[in-house]
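Trainee: Below: one structure in C-alpha cells.
Residue numbers (my numbering), protein chains in the order written: chain A, 1045 to 1317; chain B, 1045 to 1317; chain C, 1045 to 1317; chain D, 1045 to 1317.
Next comes the structure, spelled out in C-alpha cells:
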C-alpha cells in the first residue's frame, strides 16, 4: 500500500501560517504570471478586500511555445515576496526544473509542481527532500493512480506536506480547454489523507464558468481553490481568457466565503489589517 | 442560430404536474431497471419518505451485451404506472427505438432518450412530434454542440419540453466508468433556456461518490438530479455498483433537500400523503 | 464466450458476388451522400477505371444538425441501384432506424450501420433477422469489447454476415476529426473470425491523409477499405473535406491495387466491361 | 511560423553514422531497461542476426511508482556503451532531468526524451544546446501542435538533429495501454522536415500487436521504428508484456527488412561482421 493511501486523519498542511486540510479552507489567488511589480501591487489592492490566504503567481512559466512570455525568473520571485509581505499572506510559485528548486525554495512559502511536470520524477524527489509544502497539480492526462504515485515520490523522500490539486483533464470536446474532474476530488478525499484542492481556472478555461465550478468544487469536498485573476484580463501575458477581472473576483470571494462557511470549513483571514 | 440557443427565460417543463426549470428542482429516483412489481413497491415504500418528485425505471433496457437482462417491456411500464399512481408522482422511462414510442407514450409521463441513442435522429424526431416531455441524455462522447443539436431535432418538430441531462463522459481513467462533466452543466445553463439536470449515478459509476457529486451538480447550477437506488444493490440485475441502498438514499435525500433550499430552488413535494 | 469470439476460419462474407475476408479484399468507394443521379453517374465513370468492387452512398443520412442535408431517402436508393447495375458491382447504404430496414433491404446489397447507431440495439436485432450482409461501423467512443458485443446482437439473431469497420475514434487532438485506431484492427483480426475493414476518410477527416492511412490499414491486416470520393469535394453536400477528388482517387486505386497484391490479398475485379 | 514547419527537404539526422530521414530507415531495438551486462550481451547476440542499426536501453527510468525498478544509472550507460561497441552500432538512452544531461551526453550517441518529459522545457532547452541528436517522444496526451512546439524548443537552441517519435496516445479503451496514432505520423511528415519514427511497443502495449503495427507505421510513412525486445519477457523488470521474445523479434526483423525495401527505404546494415 502506498503511504498516501494510509488510513490517517486528514493532514493539515501549514504554509507559513495558512492551513489547508482538516476543515481549513485554502483560498489561493493571483495572476497566472508575474508580469511586473506594478501589476502585482494592483492585484494586491483588491485581494486585500477578500479572504484570500495564499498568493499565487508564476515566475518560471512552462509555456507550450518557446516564443511565449517565459516569466521573470528570480525577479518575479522577489516581487512575489514583497507583495506577499505587504499582504501578510504566504505565496506559492511554480518550480519547473530541479535546477530551480534552490532559488524557489529561497523565496516561496510553497512549491508548485505544474501539470506538465507531474511525472518529472527527479523534480518530485528534489522537492521531497526539502521542508517546504508542495502543491502538486494533476497531469493533464494522468489517472488518479498515477497522481497518487506522483505524490508518493514526494512523501517517500520524507516530505508529507503535499497538497493535491485537480486542474482539469484532457477531453474530446473542443469547447473546453479541460474538463474539471470532480469525480477525482471526491475519490481522492476518500483514498488519501492529503488535502485536495481545485483549480477552476484551468479546469474550465473559461472565465464565465469559474464561479459555478468553484462552488461545485467545494460541494464535492475540495479543501480549497486556486483561482487566476488579473485587473485587465484582455491584456494578460498568459491565460487572460480564464482570469477573473476585479469585479468578478470580488463577487466570487463573497460567494465563496458564505458557501465555505455553510459547508463547515474555516476560512482563515490572514491578511494584515 | 439554433432554437435551443435563443435568449429566453428558462423553460419550465411540466411533467404531469412536476415542474423542472426556472427555480423548480427535479428530484428523480428509482431503480436502473424494473425487475418486478414487488421490488418496485419495496422501493416506493422508501421513496415515500423523501421529496422525490419523479419516478424512474427502465422497461426497455439498452444493454452492451445481448445476453444481459433486457427489461420487462410493456409489463415494466404497467408496473411503473401502478407504482407512480400509488406514490402520486409521475414517471419517466426510456424509449430505445421508434417502434416503441407509441407504447411508452401510452404509459409514461416523460420519455427518456438514453446516451446510446442521443444521435438516433429518427427517434428524436418521433418524440419531437408528441406532446410529452423528453429527458434527453448526453451521448458518452458527445460534445456540448452535438448535444444541443440533438435537442434541436426535438424542438424542430414542435416539442419544446426537453430536459437536458449530463450523465458523464468517456475518459482515459479506468478508475471511473465516466467523468461527470459539470463544466458542461454550467455552460449549457448559459447557452440554452432548457432545464439541465445531472445523473450522478452513471456520471461516477461508484456508489460512494454519488452523494458528493449530487451536491456538486446543484452547486454547478443543475435544475435537478436523477439517481439510481435499489434496496439490495448487490443483487440488482443492472448497475448495482452505482445504486444507493435504502439508508444511503434516505440520507442523500435529506442533504439534497437542505442544499436545494440553501441554493434557492423550490423542491415540490408531490407525493400523496 | 461470445459467438464472435469463437475460433473459426475467417468468415468470407459474400455481398451479391463481392467477397470480403479470407484473403478477399473489399474496395468500397463512393460519395458520402447521394446528391443526384447525375452526380452518381459522374462518379461511376471514374470508378470504372478502378478495381472498386462495392459502391457506397448515403440515402438516409444521420447528420449532427437537423438543418444539414438529410439525404434523398428512397430516391437515393433507386439511384444507387441503377448505378450499381451500370457498374456491375453491388452497393451498401446506411440504415438509420428500424422503420427503414425494409426499404433499404429492398434495394441495397448490404446494410451499413453507422457509428452513431452502433448501440441502437433494436436496429442491430432487426438487420440480424434478415439474410443480407451488414457492414457495422464502430461507435465513435466504443471500446473494442462493446464493438464485438454490438456484432453479437446481429449474430445472435442468426445473421453471420457481419463486416466490422474501424472508422476512427474520438480523441483530444482538435487537429483530427478522429484518430484511426489500427490497434483495434490488428486486435479484432486476432479476436474474431469476422472480416475487419477500415474507413480512412472518417478515420482521419483530412483528404491529405487518406492515402497513407489506407496503406497503413492494409499493413495492419485490414480486409478492405471504404473511401469517400467526390468529383468536386469543395461542393459536396457532406464531408467534402475528407473526400478524394478524381485524380487523387485514381492514384489511390493504383497504389491500393499493387499493395493489396504485395500483401497477398485477392482484389476481385467485378465491374462490367 | 515555427522553424520545424519550414518547407525544407527532409532532414537526415546522423547518429554516429546511422542515418535517419530522407530515405534512410532507422531500426532501433533493445530492452526497455538495462537490467545487467549479461542480459544486454544476450540481447546483442540475437540483434546481430538482424539489421538493427541503433541500440536502445534505459539507464535512467521514469517509473509511475517510486517502488519500481529505477534503472542502473551511469552503470547502465557504461554497459550500453560496451555492447554498442561490440555490435558496431550507436545507442540511444533516455535523459530524465537536466542534471543528467552531462552524464548521458558522455556515453550515449543520441538523447531520448521520454513521453513524460515532452513538456519539460528546461530539459528540451538543455539538450538543444548540445551537438547530439535527440529522439523526442510525443507526450501521452500531447496534440501534434504541442509536439511540434516541443521540438521547436530544441531547434530554437540551435540543435536541428531532432527525431520525432509517435508512441501512442491515451484513449478511453482499457483494452489498450495506448492507441498508436498513425494519423499523426502521416500528418507530421507533411508538416515538418524532421524525421518521424514510431514506437509500436508502447503504442500498442501488447506483444501480439507489435508486428502488424510496425508494418502499418512504415506504410503510414514512418522513417523508422523503435521496438522493445527481451530474451525472457515474462521476467523483464519493466514492460515485459509488450517486449518481443527472440523468435518474435527475429521474425519481425525479416518482415521489416523486406517491407522497408518494398517501400523504397534504405536500411543501412551497420553492425560489425
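Each residue gets a CB set at the ideal place from its N, CA and C atoms; glycine is no exception.
(1) Alpha carbon to alpha carbon, how far is residue 1293 of chain B from residue 1232 of chain B?
(2) Should residue 1120 of chain A and residue 1101 of chain A be called a contact, given that it needs their Cβ atoms to be closer than 8 Å?
(3) Could you work out which residues of chain D lie near residue 1197 of chain A, taking near to mean beta carbons separated by less than 8 Å?
(4) To the nearest angstrom, how far is it from the Cα of residue 1296 of chain C to the Cα of residue 1260 of chain C?
(5) Are there three or more Cβ pairs, one per stretch, closer than 8 Å when the segment 1244-1258 of chain C is compared with the segment 1218-1226 of chain C?
(6) Would you mind working out which of B:1153, B:1068 and B:1096 sits nearest residue 1308 of chain B, comparing C-alpha positions?
(7) Determine, using beta carbons only, whether residue 1215 of chain D comes closer than 8 Å to chain C.
(8) In chain order, which beta strand (DSSP E) runs of at least 3 residues are fully inside the segment 1245-1313 of chain D?
(9) If contact is defined by three or more beta carbon pairs under 8 Å, each pair taking one atom from either stretch, is the segment 1091-1105 of chain C in contact with the segment 1072-1081 of chain C?
(10) Could you give the C-beta distance for residue 1170 of chain C and residue 1145 of chain C, rounded to a whole number, given that I count them as a contact under 8 Å?
(11) Look at residue 1177 of chain A and residue 1205 of chain A and say whether their C-beta atoms are less than 8 Å apart.
(12) Can you have a look at residue 1227 of chain A and say buried or exposed, based on whether 16 or more other CB atoms are within 10 angstroms of its CB?
(13) Determine whether the Cβ of residue 1194 of chain A lies closer than 8 Å to any Cβ atom of chain B.
(14) Show which residues of chain D have a CB atom less than 9 Å away from the CB atom of residue 1295 of chain A.
(15) Report the three-state DSSP secondary structure of residue 1180 of chain B (helix, strand or coil).
(16) Between the alpha carbons of residue 1268 of chain D and residue 1138 of chain D, how many angstroms are there, rounded?
(17) Excluding sequence positions up to five away, which residues of its chain have a Cβ less than 6 Å from the Cβ of residue 1160 of chain A?
(18) Specify the secondary structure class of residue 1164 of chain A as computed by DSSP and reduced to three states.
(19) Count the other CB atoms, across all protein chains shown, that sit within 10 Å of the CB of residue 1215 of chain D; report buried if there are 16 or more and exposed otherwise.
(20) What I want to know is whether the C-beta of residue 1173 of chain A ends up closer than 7 Å to one or more non-hydrogen atoms of the ligand ATP.
(21) Listing by chain order, which chain B residues have their CB less than 7 Å from the CB of residue 1189 of chain A?
(22) Below 8 Å on the Cβ atoms is my contact criterion, and I expect residue 1180 of chain A with residue 1198 of chain A to pass it. Report the Cβ-Cβ distance as a whole number of Å.
(23) In whole angstroms, what separates the C-alpha of residue 1235 of chain C from that of residue 1252 of chain D?
(24) Taking a Cβ distance cut-off of 7 Å, strictly less, list which residues of the segment 1087-1117 of chain B are near chain C, in chain order.
(25) Would residue 1063 of chain A and residue 1056 of chain A be called neighbours here (beta carbons separated by less than 8 Å)?
(26) Please state whether the Cβ-Cβ distance between residue 1255 of chain B and residue 1210 of chain B is less than 8 Å.
(27) Is the beta carbon of residue 1203 of chain C closer than 8 Å to that of residue 1172 of chain C?
(28) State the Cα-Cα distance for the pair residue 1147 of chain A and residue 1257 of chain B, rounded to the nearest angstrom.
(29) Cα separation between residue 1274 of chain B and residue 1229 of chain A?
(30) Determine the DSSP secondary structure at residue 1234 of chain C, reduced to helix, strand or coil.
(31) DSSP three-state label for residue 1116 of chain C, please.
(32) On a CA-only basis, which of A:1113, A:1207, A:1053 and A:1098 is nearest residue 1284 of chain A? Give me that one, please.
(33) Mind pulling the chain D residues with CB within less than 7 Å of residue 1225 of chain C?
(34) With residue 1149 of chain C and residue 1124 of chain C assumed to form a contact (beta carbons below 8 Å), what rounded beta-carbon distance in angstroms separates them?
(35) Short check: CB of residue 1143 of chain A to CB of residue 1187 of chain D, under 8 Å?
(36) For residue 1142 of chain B, name the three-state secondary structure that DSSP assigns.
Mentor: By the coordinates alone:
(1) 28 Å
(2) yes
(3) 1110
(4) 13 Å
(5) yes
(6) For residue 1308 of chain B, the nearest C-alpha among the options comes from B:1068.
(7) yes
(8) Qualifying beta strand (DSSP E) stretches, in chain order: 1268-1272.
(9) Output reads yes: the segment 1091-1105 of chain C touches the segment 1072-1081 of chain C.
(10) 5 Å
(11) Judged by their CB atoms, residue 1177 of chain A and residue 1205 of chain A are nearer to each other than the 8 Å cut-off.
(12) buried
(13) no
(14) Here the premise fails: no neighbours, minimum Cβ distance about 34 Å.
(15) strand
(16) 18 Å
(17) Within the same chain, 1106 come within 6 Å of residue 1160 of chain A by CB-CB distance, once the 5 residues on both sides are set aside.
(18) coil
(19) buried
(20) Although the ligand ATP was asked about, the structure shown includes no ligands whatsoever.
(21) 1219
(22) 7 Å
(23) 11 Å
(24) 1106, 1108, 1109 and 1110
(25) yes
(26) No; because the gap between Cβ atoms is not below 8 Å, this pair is not in contact.
(27) yes
(28) 40 Å
(29) 26 Å
(30) Reduced to three states, the DSSP call for residue 1234 of chain C is helix.
(31) The answer is coil: DSSP assigns residue 1116 of chain C none of H, G, I, E or B.
(32) A:1113
(33) 1223
(34) Not confirmed; about 13 Å, so no contact.
(35) no
(36) helix
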